[in-house]
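Comments concern the structure below.
There are 2 protein chains.
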Amino acid sequence: MNTLAEENYLKAIYHLSLNDTNVSTNQIAAAINTKAASVTDMLKKLADKELINYEKYQGVTLTNAGEKIALHIIRKHRLWEYFLVEKLNFKWDEVHEMAEEMEHISSVELIDRLDKFMDYPKHDPHGDPIPDRDGNFKKHELKPIASLNVNESGVISGVRDHSPTFLQYLEKQQLTIGKKITVTDIIEYDNSMILQVENITTHISREVAKNLLIAI
Amino acid sequence: MNTLAEENYLKAIYHLSLNDTNVSTNQIAAAINTKAASVTDMLKKLADKELINYEKYQGVTLTNAGEKIALHIIRKHRLWEYFLVEKLNFKWDEVHEMAEEMEHISSVELIDRLDKFMDYPKHDPHGDPIPDRDGNFKKHELKPIASLNVNESGVISGVRDHSPTFLQYLEKQQLTIGKKITVTDIIEYDNSMILQVENITTHISREVAKNLLIAI
DNA sequence: TAAAAAATTTAGACTTGTCTAAAAATAAAT
DNA sequence: ATTTATTTTTAGACAAGTCTAAATTTTTTA
Ligand SMILES: [Mn+2]
Ligand SMILES: [Mn+2]
Ligand SMILES: [Mn+2]
Ligand SMILES: [Mn+2]
Chain L
69 MNTLAEENYL KAIYHLSLND TNVSTNQIAA AINTKAASVT DMLKKLADKE
119 LINYEKYQGV TLTNAGEKIA LHIIRKHRLW EYFLVEKLNF KWDEVHEMAE
169 EMEHISSVEL IDRLDKFMDY PKHDPHGDPI PDRDGNFKKH ELKPIASLNV
219 NESGVISGVR DHSPTFLQYL EKQQLTIGKK ITVTDIIEYD NSMILQVENI
269 TTHISREVAK NLLIAI
Chain H
69 MNTLAEENYL KAIYHLSLND TNVSTNQIAA AINTKAASVT DMLKKLADKE
119 LINYEKYQGV TLTNAGEKIA LHIIRKHRLW EYFLVEKLNF KWDEVHEMAE
169 EMEHISSVEL IDRLDKFMDY PKHDPHGDPI PDRDGNFKKH ELKPIASLNV
219 NESGVISGVR DHSPTFLQYL EKQQLTIGKK ITVTDIIEYD NSMILQVENI
269 TTHISREVAK NLLIAI
């Protein structure tokens, strides 16, 4: 099949494609923690395998075959994260690095059985959708809490920043997936927000409000 | 830590050490499906890391550090096999190849939690002992059914051949781990054996009798 | 115990994936 | 529309792991 390195490139390109239609060499290099020259080498290999569309200097897009592989890796990543949290009781800020390794386990039958074992979860611990075995998922439309006005509310459904420190902060503030929040005030001076989270009042910075997402 | 290749070499050396104190280059090459020249290269690297004791032309033994790593990989392999059979309902002949990949997942915390999740199993689906987190396990003494005389009996506790075809054959004959068997007759002509397995009578070849193990 | 056979190691080469430094192309700024 | 800055690609090198073919060592056999 594909090497571990190839899989990581395809996954990175997929994620970057969500923000930009054409993904640049430098973007990939930054995402994957390598140098641009290394990326160029790999892009040639992936293009040879017809997993990406690549024109020199013009950036890349995934072909259907490439996207299918990327989605399968993401499916595995998110199912293993769900397993680690729901079955092995890890916290949501602890599972990403382990899933980075587990997503490369190749057996399709294994991942389908794991999916069934957990009763076909639709979202991972961070609120991200889990593709089914055919790569399909309903992409829920989300928006940042920062876009709300006073007295508007929503249900926390995702995060834009997956770093452990951010996730730990949210956990401490009880700002976790599924919680309903209401904006009770916005401080004009710094655009920070006062939230009502169930029966708790919390004050979050603009920065946090931009990275915490609610269902539309 | 150690690379995937290094881990596979250490594991192979460990398994071969159970039969011979000094493990030869050719034995390793056969076990790992490589050429002797490649093995020699790797032995030098492992010796540099002080994971094996290596003297040119004399074969190798594991150091304590090397054995510890090997046992940890074997622990992971067998725990994942147990998981696949007990939680995901795979058959005992289907899990080895998947475990060959999963045994390289690095997190120690993950494997300890998996161990706890399954309530600290002592043996994998093939009857092999699962080392604890310190590498300790009680090596059960086993002997082949072939060593029994007429009217002697024992409990099936392991296999000497782990190939899917052998395991499938055993499954079909109900000759699975935990079953009590009694030798009711031995055919002198070919040394094949008639077994009573609970309320079923089965006829097995000498070859099979040598590879099916019972607790002493 | 000397010759033959088998096992092991060395030498040199190849692939994958990475890097630095330099060249080329594109984009931005005057 | 040039010049300047940024991005991307090429050139050449390196480490890990493997291979074949040849040399060396050990073991076996006569
Ligand atoms: Mn993740
Ligand atoms: Mn996630
Ligand atoms: Mn196995
Ligand atoms: Mn096993």
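Chains as they are written, first to last, in the working numbering: chain L, 69 to 284; chain H, 69 to 284. Glycine included, C-beta positions come from ideal geometry on N, C-alpha and C. Bear in mind that the values here come from a model prediction, so they are computed numbers and not experimental data.
| field | Cβ neighbour criterion (16 or more within 10 Å) applied to H271 (chain H) | value | exposed
Which class does Q95 (chain L) belong to by DSSP, given the choice of helix, strand or coil?
Residue state, collapsed to three classes: helix.
**Request:** Answer yes if the region 210 to 228 of chain H comes into contact with the region 250 to 258 of chain H, meaning at least three C-beta pairs across the two stretches below 8 Å, and no otherwise.
**Result:** yes
Just mark N76 (chain L) as buried or exposed, buried being the case when its beta carbon has 16 or more other beta carbons within 10 Å. Counting Cβ neighbours within 10 Å, N76 (chain L) comes out buried, since at least 16 surround it.
Coil, strand or helix - M186 (chain L) by DSSP
Of the three classes helix, strand and coil, the one that applies to M186 (chain L) here is coil, per DSSP.
### Task
Could you name the residues of chain H that K155 (chain L) contacts, counting a contact when the two beta carbons are closer than 7 Å?
F185
List, in order along the chain, the chain L residues whose C-beta lies closer than 9 Å to that of I173 (chain H)? M166, E169, M170, I173
In its own chain, which residues sit with a C-beta less than 7 Å from the C-beta of G246 (chain H), not counting the 5 before and 5 after it? Cβ neighbours of G246 (chain H) beyond the five flanking positions: V223, I224.
Check this for me: beta carbons of L130 (chain L) and I142 (chain L), under 7 Å apart or not? no
Exercise. Would you list the residues sitting across from T89 (chain L) in a DSSP beta bridge?
Key: Note: T89 (chain L) sits in no beta bridge, so no partner.
Suppose you measure from the CA of S106 (chain L) to the CA of I81 (chain L); what does that come to, to the nearest Å? 15 Å
- Message: For E162 (chain L) and N101 (chain H), I'd like the C-alpha separation in whole angstroms.
- Response: Roughly 37 Å between the two C-alpha positions.
Closest residue to L281 (chain L) among L:D202, L:A98, L:A133, L:L238 (Cα-Cα distance) | L281 (chain L) has its Cα closest to that of L:L238, out of L:D202, L:A98, L:A133, L:L238.
message: When you compare the CB positions of P189 (chain H) and I198 (chain H), do they come within less than 7 Å of one another, or not?
response: yes
message = Please identify the residue among H:Q236, H:E220, H:S221 whose C-alpha is closest to the C-alpha of V227 (chain H).
response = H:Q236
Could you compute how far the alpha carbon of E209 (chain H) sits from the alpha carbon of N70 (chain L)? 42 Å
Proximal residues of chain H, C-beta to C-beta of L235 (chain L) below 9 Å:
Correct list: empty, because the minimum Cβ distance to chain H is about 17 Å.
With DSSP as the reference, label H271 (chain H) as helix, strand or coil. strand
Closest Cα partner of H145 (chain L) within the set L:A283, L:T108, L:D196 = L:D196
| request: Give me the Cβ distance between G134 (chain L) and N90 (chain L), rounded to the nearest whole Å; I'm assuming they're in contact under 8 Å. | output: That pair is no contact at about 14 Å.
Problem set entry | Cβ neighbours of K136 (chain L) in the same chain (closer than 7 Å, five flanking residues each side left out) | Excluding residues within five positions, the ones whose Cβ falls inside 7 Å are G203.
Given N267 (chain L), which residues of its chain have a CB within under 7 Å of its CB, disregarding the five upstream and five downstream residues? none
Counting along the chain, where does the alpha helix (DSSP H) carrying S106 (chain H) start and finish? 104 to 116
Spatial neighbours of A97 (chain L) within its chain, please: CB distance less than 8 Å, with the 5 preceding and 5 following residues excluded, ordered by chain position.
K103, A104, S106, V107
Measure the CB-CB distance between V276 (chain H) and Q242 (chain H) and report whether it falls below 7 Å.
Going by beta carbons, V276 (chain H) and Q242 (chain H) fall outside the 7 Å limit.
Please tell me whether L178 (chain H) has its Cβ less than 7 Å away from any Cβ of chain L.
yes
- Query: Would DSSP call M166 (chain H) helix, strand or coil?
  - Reply: Helix, per DSSP.
- Item | First and last residue of the uninterrupted alpha helix (DSSP H) at L287 (chain L) | Because chain L in this structure spans residues 69 to 284, residue 287 (chain L) falls outside the shown range and cannot be described.
Could you give the residue range of the alpha helix (DSSP H) that holds L238 (chain H)?
Unbroken alpha helix (DSSP H) run through L238 (chain H): 232 to 240.
**Asked** Is there at least one non-hydrogen atom of ligand 3 closer than 6 Å to the beta-carbon of A99 (chain H)?
**Response** no
Problem - Beta-carbon proximity list for T250 (chain L), same chain, < 6 Å, skipping 5 on both sides - result: S221, Q264
Quiz item: Does any residue of chain L bring its CB to less than 7 Å from the CB of R181 (chain H)?
Solution: yes
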